[in-house]
Ligand code: P6P
């Protein structure tokens with residue numbers, strides 16, 4: 031049983047010079063918000079918070095063109111309220127909001143603003159909520175550029191390598207926060223009796239090889255040729271060019287799929303397909319792919335768009351979408367080779 035709480039772990043990271051006091055407090059605020067979201071998610075139908083936001087026949091749609099769930103809106107509000115007065119943030123951006131928000135616009139009574147930018151998907155995988163499948167909150171922290179007091183969307187457009195922290199909280203059989211500040215990826219399980227996140231895995235490591243892949247196979251006919259070949263070879267198993275049998279898992283909740291991969295290995299992919307190619311992909315770069323990619327790389331894995339390292343993508347828009355391949359290093363490299371060989375002709 032761990033006796034290292036998230037608070038103690040963060041204080042040790044601060045003493046080691048890995049994070050500032052402000053970043054430590056910011057992460058604590060986000061973790062506290064995740065506890066509140068966990069309680070709301072855990073109530074399920076009893077909390078009257080399942081189903082879609084908006085009114086019958088007039089669903090509330092977000093910038094992504096997705097019908098918002100009530101819990102999407104609740105989780106977003108929890109994160110906004112928690113961060114309004116802490117004094118650590120200069121601004122924040124959410125999957126559920128069209129544009130970023132300077133803290134000055136959010137802060138009551140003119141609380142001070144800070145030096146960090148927080149981006150989050152308040153409740154990823156929310157389509158799974160009504161069927162009691164794990165969902166989660168994903169977050170990413172960037173520095174606010176020097177001299178920028180009131181950040182706009184353009185100030186958030188930094189590559190994933192600039193993240194100073196990234197994490198997610200998965201709301202499943204247990205509530206677990208997985209975090210990196212650039213010195214390993216660590217897991218903290220919520221002790222519901224005490225109300226504290228307790229360190230349960232120090233230094234998560236993804237096995238370099240795997241026999242498990244995660245993809246939505248129903249999109250197979252829409253994939254580009256290299257993806258068709260890559261997955262086709264996996265499905266041939268021992269008799270095929272990969273020389274081993276593979277298993278498949280797809281939760282359709284990125285946090286759940288990535289948590290499994292961080293825990294036991296695997297490769298997660300959401301490639302370009304004919305349905306989303308015009309948008310650049312399905313998953314969002316800034317608050318899904320980048321934080322997950324930093325967590326995975328810090329755990330010894332790899333993350334790519336299929337053609338380049340994810341963390342080096344220079345963002346062009348707050349809600350930019352990208353193809354995603356992440357997980358066991360050697361398997362991601364194999365998937366990338368299919369794409370680069372195809373491009374080479
Ligand atoms: P599909 C959830 O909506 C999400 O953004 C990710 O959490 C998940 O990996 C993906 O979309 C699921 O997409 O097309 O399988 O429903």
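Numbering (my numbering), first residue to last: 31 to 375. C-beta: ideal position from N, C-alpha, C; glycine also. None of these values were measured; they are calculated from a predicted model.
Between which two residues does the alpha helix (DSSP H) containing residue i stretch?
{"i": "residue 173", "result": "Segment 165-173 is the beta strand (DSSP E) holding residue 173; no alpha helix (DSSP H) there."}
{"i": "residue 234", "result": "No alpha helix (DSSP H) contains residue 234, which DSSP labels as neither H nor E."}
{"i": "residue 276", "result": "That residue, residue 276, is in no alpha helix (DSSP H); it is neither H nor E in DSSP."}
{"i": "residue 200", "result": "That residue, residue 200, is in no alpha helix (DSSP H); its beta strand (DSSP E) goes 195-201."}
{"i": "residue 323", "result": "320-328"}
{"i": "residue 264", "result": "255-266"}
{"i": "residue 368", "result": "359-374"}
{"i": "residue 184", "result": "183-186"}
Could you have a look at residue i and say whether DSSP puts it in helix, strand or coil?
{"i": "residue 283", "result": "coil"}
{"i": "residue 290", "result": "helix"}
{"i": "residue 49", "result": "coil"}
{"i": "residue 132", "result": "strand"}
{"i": "residue 71", "result": "helix"}
{"i": "residue 211", "result": "coil"}
{"i": "residue 248", "result": "helix"}
{"i": "residue 337", "result": "coil"}
{"i": "residue 343", "result": "coil"}
{"i": "residue 80", "result": "coil"}
{"i": "residue 356", "result": "strand"}
{"i": "residue 147", "result": "strand"}
{"i": "residue 313", "result": "strand"}
{"i": "residue 55", "result": "helix"}
Going by C-alpha distance, which of the options is nearest residue i?
{"i": "residue 369", "options": "278, 255, 57", "result": "255"}
{"i": "residue 137", "options": "116, 66, 127", "result": "116"}
{"i": "residue 196", "options": "215, 181, 270", "result": "215"}
{"i": "residue 107", "options": "125, 202, 218", "result": "125"}
{"i": "residue 182", "options": "129, 87, 303", "result": "129"}
{"i": "residue 39", "options": "229, 243, 295, 280", "result": "229"}
{"i": "residue 295", "options": "306, 192, 274, 326", "result": "326"}
{"i": "residue 213", "options": "86, 330, 82, 338", "result": "330"}
{"i": "residue 204", "options": "35, 69, 232, 46", "result": "69"}
{"i": "residue 280", "options": "258, 242, 263", "result": "242"}
{"i": "residue 78", "options": "172, 164, 159, 271", "result": "159"}
{"i": "residue 291", "options": "250, 316, 75, 333", "result": "333"}
{"i": "residue 231", "options": "225, 220, 240, 171", "result": "220"}
{"i": "residue 103", "options": "151, 74, 42", "result": "151"}
{"i": "residue 210", "options": "54, 75, 373", "result": "54"}
{"i": "residue 173", "options": "65, 371, 143", "result": "143"}
{"i": "residue 206", "options": "64, 37, 47", "result": "64"}
{"i": "residue 251", "options": "305, 46, 45", "result": "305"}
{"i": "residue 350", "options": "225, 372, 317", "result": "317"}
{"i": "residue 248", "options": "240, 258, 239", "result": "258"}
{"i": "residue 289", "options": "73, 276, 217", "result": "217"}
{"i": "residue 374", "options": "363, 337, 356, 362", "result": "337"}
{"i": "residue 233", "options": "293, 86, 91", "result": "293"}
How is the beta strand (DSSP E) around residue i delimited, first residue to last?
{"i": "residue 35", "result": "Looking at the DSSP string, residue 35 is not in any beta strand (DSSP E), and its letter there is neither H nor E."}
{"i": "residue 242", "result": "242-244"}
{"i": "residue 156", "result": "It is not in any beta strand (DSSP E) - residue 156 carries neither H nor E in the DSSP assignment."}
{"i": "residue 216", "result": "215-221"}
{"i": "residue 333", "result": "332-334"}
{"i": "residue 191", "result": "Segment: none, residue 191 is in no beta strand (DSSP E) and carries neither H nor E."}
{"i": "residue 300", "result": "297-300"}
Indicate whether at least one CB of chain B lies closer than 7 Å to the CB of residue i.
{"i": "residue 239", "result": "Considering every chain present, this structure includes no chain B. It has just one protein chain."}
Return the Cβ separation of residue i and residue j in integer angstroms, given the expectation that the two are a contact with Cβ distance under 8 Å.
{"i": "residue 112", "j": "residue 59", "result": "5 Å"}
{"i": "residue 353", "j": "residue 311", "result": "4 Å"}
{"i": "residue 286", "j": "residue 190", "result": "Not really, about 21 Å apart at Cβ, beyond 8 Å."}
{"i": "residue 358", "j": "residue 261", "result": "About 15 Å; that fails the 8 Å criterion."}
{"i": "residue 122", "j": "residue 100", "result": "At roughly 21 Å, the Cβ-Cβ gap does not stay under 8 Å, so residue 122 and residue 100 are not in contact."}
{"i": "residue 320", "j": "residue 193", "result": "6 Å"}
{"i": "residue 308", "j": "residue 253", "result": "In fact, because the Cβ distance is near 15 Å, the residues do not count as touching under 8 Å."}
{"i": "residue 299", "j": "residue 343", "result": "In fact, because the Cβ distance is near 16 Å, the residues do not count as touching under 8 Å."}
{"i": "residue 149", "j": "residue 186", "result": "6 Å"}
{"i": "residue 227", "j": "residue 360", "result": "In fact, because the Cβ distance is near 32 Å, the residues do not count as touching under 8 Å."}
{"i": "residue 180", "j": "residue 134", "result": "6 Å"}
{"i": "residue 52", "j": "residue 145", "result": "6 Å"}
- What are the complete beta strand (DSSP E) segments, minimum 3 residues, inside the stretch 82-130? Within the stretch 82-130, the complete beta strand (DSSP E) runs of at least 3 residues are 119-124.
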